[in-house]
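*Asks:* Mind looking over this structure? Questions follow.
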Amino acid sequence: MKKSLLLLVIAALALPAAAQQINLDLPGLRDKASEEVTVTLDASMLRLAARFLSDAGDERNVRDIVQKLQGIYVRSYEFDHEGEYDRSAVDRLRSQLGADWKKIVDIRSKLGENSEIYTQSHGDQITGLVIITAEPKELTIVNLVGPIDLDRLADLQGQFGIPKSHMARAGKQ
Amino acid sequence: MDIEEQLRSALKREQPPAGFTQRVIDATRGEQAPRLSRQAWAPVVHSHWRAAAAVLMLTVLAGAWSARQIAERREGERARDEVVLALHIAGAKVRYAQTQVHEIGSKHVKESR
C-alpha cells in the first residue's frame, strides 16, 4: 500500500516536468543540415553543470537560472540553401503543445523569418518555455523546463566565455 | 685417602670407549646449520604479501577515484559549456523577439499619431 502510494507521488511529481518537455528530434532535419547544435541536459546534468559555473559575471546569472531548471533542450539546424527543410516540421512541434501552453510571441516577416514563443505557467510563474524560430536557412527550437524568468534570460549576453573550440565543435555536431 | 691420592685418581688418563672417535666424526658430518622451517617463515612472508596487497589495492582505489574525478570534471565542464551555449541561444532568441515586438509597437504608435 505504502509502496504504491509512493509510486503515485513520484509519478505525480514527474508528470509536470514531463508535460513541459517536448520531443525535439524531428526526423530528416539532421541529414539535410550543414550545421547542427544539439543540447540535451536533464536535471542531473544541470546540477552538475551548476557546480562548474563561477560566481563571476554572466556565469553567476546563468547559474542562478540553471539552478531552478529541470531541463534544457536545444536543436538548431543551419542549411546551405533556402527552403531545404520541410516547414511542416514546425507544425509537428506545435502539435505537441497542449492547451496549457500559451503563445506569447508570434512574429512573422515577409522574409520568412518567423519566431514563436510559448510558455506554460503555474500561477504567475512561467514553468515551461518553447521557442521556435524558423528562417529560410535556419531552424532553432529551444525547450526550457522549470521556472524561468524571461527578462533575466534576455539579459544574458555575450559569449559567456564559451571556448571558441567548443562553439565550433557544437556547430559541427 | 689423602687429598693428593684423590686428585691423582680424578685426573688419571682414561681411554675413550670403543668407537667414540668415529661417533664424534659421524656426528660432526651429519650436523647442519640451523634452518628455519617453512612454518617458521610463514608469518614473515604472509605479512609482506599482505602489505604488498594492501599497497596495490590502495593504488588501484586511488587511481580509480582519480580517474572518476577527472571524468566527472570533464563531464561537468562539458555540461557547463552546453548550458552556457543553450542559454546564449535562448537569450538571443528572446531578445530578438522583444526587439521585434518593441519595433512593431513603436511603429503602431507612430502611425496612430
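Heads up: the sequence lines are chains A and B, in that order.
Position 108 of the first sequence, counted from 1, bears residue number 108 in the numbering used here, the numbering being contiguous throughout.
Quick note, the numbering used here runs 1000 ahead of the 1-based positions in the second sequence.
Beta carbons: idealized from backbone N, C-alpha and C, even for Gly.
Predicted model, so just to flag it, every value in this text is computed and none were measured.
Do you know offhand how far V1094 (chain B)'s Cα is from I131 (chain A)'s?
*Replies:* Each residue's alpha carbon lies about 8 Å from the other.
*Asks:* Using Cβ-Cβ distances below 7 Å, what residues of the region 1080 to 1099 of chain B are close to chain A?
*Replies:* R1080, D1081, E1082, V1083, V1084, L1085, A1086, L1087, H1088, I1089, A1090, G1091, K1093, V1094, R1095, Y1096, A1097 and Q1098
*Asks:* Taking only the alpha-carbon atoms, compute the straight-line gap between Q21 (chain A) and N143 (chain A) and give it to the nearest angstrom.
*Replies:* 7 Å
*Asks:* On a CA-only basis, which of A:A134, A:V145, A:L150 and A:N23 is nearest G83 (chain A)? Give me that one, please.
*Replies:* A:A134
*Asks:* Applying the criterion that 16 or more other CB atoms from any shown protein chain within 10 Å of the CB defines a buried residue, is I1025 (chain B) buried or exposed?
*Replies:* exposed
*Asks:* Taking I104 (chain A) as part of the beta strand (DSSP E), name the residues at either end of that continuous run.
*Replies:* W101 to I107
*Asks:* Is there at least one Cβ from chain A nearer than 7 Å to G1063 (chain B)'s Cβ?
*Replies:* no
*Asks:* Is it buried or exposed for I1104 (chain B), if we count other Cβ within 10 angstroms and need 16 for buried?
*Replies:* exposed
*Asks:* Taking Cβ positions, are G1091 (chain B) and F52 (chain A) nearer each other than 7 Å?
*Replies:* no
*Asks:* Check each residue of the region 1042 to 1075 of chain B: if its Cβ is closer than 7 Å to any Cβ of chain A, include it; give the result in chain order.
*Replies:* E1075
*Asks:* Alpha carbons only, please: which of A:L156, A:K32 and A:R30 is nearest the one belonging to Y1096 (chain B)?
*Replies:* A:L156
*Asks:* Alpha carbon to alpha carbon, how far is R1074 (chain B) from S1037 (chain B)?
*Replies:* 56 Å
*Asks:* Identify the continuous beta strand (DSSP E) that holds K36 (chain A) and give its terminal residues.
*Replies:* This sequence places Glu at residue 36 (chain A); Lys is not what is there. Counting along the chain, the beta strand (DSSP E) containing E36 (chain A) begins and ends at E35 to D42.
*Asks:* Per DSSP, what kind of secondary structure is I1104 (chain B) in: helix, strand or coil?
*Replies:* helix
*Asks:* Could you tell me whether the region 73 to 80 of chain A touches the region 37 to 57 of chain A, where touching means 3 or more Cβ pairs closer than 8 Å?
*Replies:* yes
*Asks:* Indicate the three-state DSSP secondary structure (helix, strand or coil) for H81 (chain A) in the structure shown.
*Replies:* coil
*Asks:* May I have the straight-line CA-CA distance separating Q67 (chain A) from R60 (chain A), to the nearest angstrom?
*Replies:* Rounded to the nearest angstrom, the two C-alpha atoms are 10 Å apart.
*Asks:* Where do the N-terminal and C-terminal ends of the beta strand (DSSP E) with E138 (chain A) fall, by residue?
*Replies:* E138 to I148
*Asks:* Report yes or no: is there a C-beta of chain A within less than 7 Å of the C-beta of E1077 (chain B)?
*Replies:* yes
*Asks:* Got a sec, what are the start and stop residues for the alpha helix (DSSP H) A89 (chain A) sits in?
*Replies:* S88 to S95
*Asks:* Note down the Cα distance separating S115 (chain A) from I107 (chain A), rounded to an integer number of angstroms.
*Replies:* 5 Å
*Asks:* Looking only at its chain, what residues have a beta carbon closer than 7 Å to the beta carbon of P136 (chain A), apart from the 5 residues adjacent to it on each side?
*Replies:* E82, G83 and G112
*Asks:* Can you tell me whether S1009 (chain B) is buried or exposed, with buried defined as 16 or more other CB within 10 angstroms of its CB?
*Replies:* exposed
*Asks:* Is L1007 (chain B) buried or exposed, if buried means 16 or more other CB atoms sit within 10 Å of its CB?
*Replies:* Using a 10 angstroms sphere on the CB of L1007 (chain B), the tally of other CB atoms stays under 16, which defines it as exposed.
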